[in-house]
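What follows is a set of notes on a single structure, which appears directly below.
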Amino acid sequence: MKWMFETVDLPMQGFANFESFKSRLDEYIGSDAELCLLLDLRMPDMSGLEVFEWLKRSGYSLDRLPVIFLTGHGDISTAVEAVKNGAFDFYEKPTTDQRLIERVKQALQKSGEFLVNLEVLKQWSERIDRLSPREREVMFLVAKGKLNKVIASELDISMRTVEVHRANVFDKLKVRSAAELATLLSRLSDRLGFDQLAGLE
């Protein structure tokens, strides 16, 4: 199988057992390489399904590391269930080489899109980090739909000061309205840990 992928310029790394895979996983996840994991449902020390469940329990993103199962005829129902639980796809052995190659390429594309999104999140995080503590406070209150006079009262500052901070937030984050700001922050909240956004949506 390694030869099959390398003939189409898709480098492949095999692992003899789960421990060897586990010892290298963080190195691969932390790289800028697009990734896809092929798992046979039946392996010597740990089944593919057990590895898959371990990945999920350990918090690894299935967008960063899409999983494709290879299965025998008797395991198809198990593989279908795995896809319902987040696996990218499954193939019954023996599979058509070209069909599997194309699906692996699609999984790699998904992994690449995750990396792009991760870079975008990093850029947004850096923009938000450039806000002053007071600007961040105003940002969250504006995103929750509060009026300037209410924000002024809650933060014990003048309305003019709120207006200045609000303008600075909009300028630094390149947004044009409170609604746009709320939409942006709700999308970023899970990834960037904005616990202040509780109840924003």
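Counted the way our numbering counts, the sequence shown spans residues 16 to 216. Glycine included, every Cβ here is placed at the ideal spot set by N, Cα and C.
#### Entry: Where Phe103 falls: helix, strand or coil (DSSP)
coil
### Task
Assuming Glu67 and Leu50 form a contact by the criterion Cβ under 8 Å, report the distance between their Cβ atoms to the nearest whole angstrom.
Sequence check: residue 67 is Phe here, not Glu. The Cβ separation is near 15 Å, so there is no contact.
### Query
Thr93 bridges to which residues according to DSSP?
Answer is none; Thr93 lacks a bridge partner.
#### Entry: beta-carbon Trp69 near the ligand MG non-hydrogen atom, thresh 7 Å
Ligands are entirely absent from the displayed structure, and the ligand MG is therefore not among its contents.
### Task
Quick one: grab the DSSP three-state call for Phe84.
strand
### Task
Measure how close the beta-carbons of Lys187 and Arg142 come, nearest whole angstrom, since I'm counting them as under 8 Å.
Indeed they touch by this definition, with Cβ atoms about 6 Å apart.
### Query
Taking contact to mean at least 3 C-beta pairs separated by less than 8 Å, is the segment 86-105 in contact with the segment 61-78?
yes
### Query
Mapping DSSP to helix, strand and coil, what is Leu170?
helix
### Query
Tell me, which residues are paired with Asp55 by DSSP?
Leu85
### Query
Under 8 Å, do Leu70 and Leu80 count as touching if we go by C-beta distance?
yes
### Query
Considering only residues of the same chain and omitting the five flanking positions on each side of Leu123, which have a CB-CB separation below 6 Å?
Glu49, Cys51
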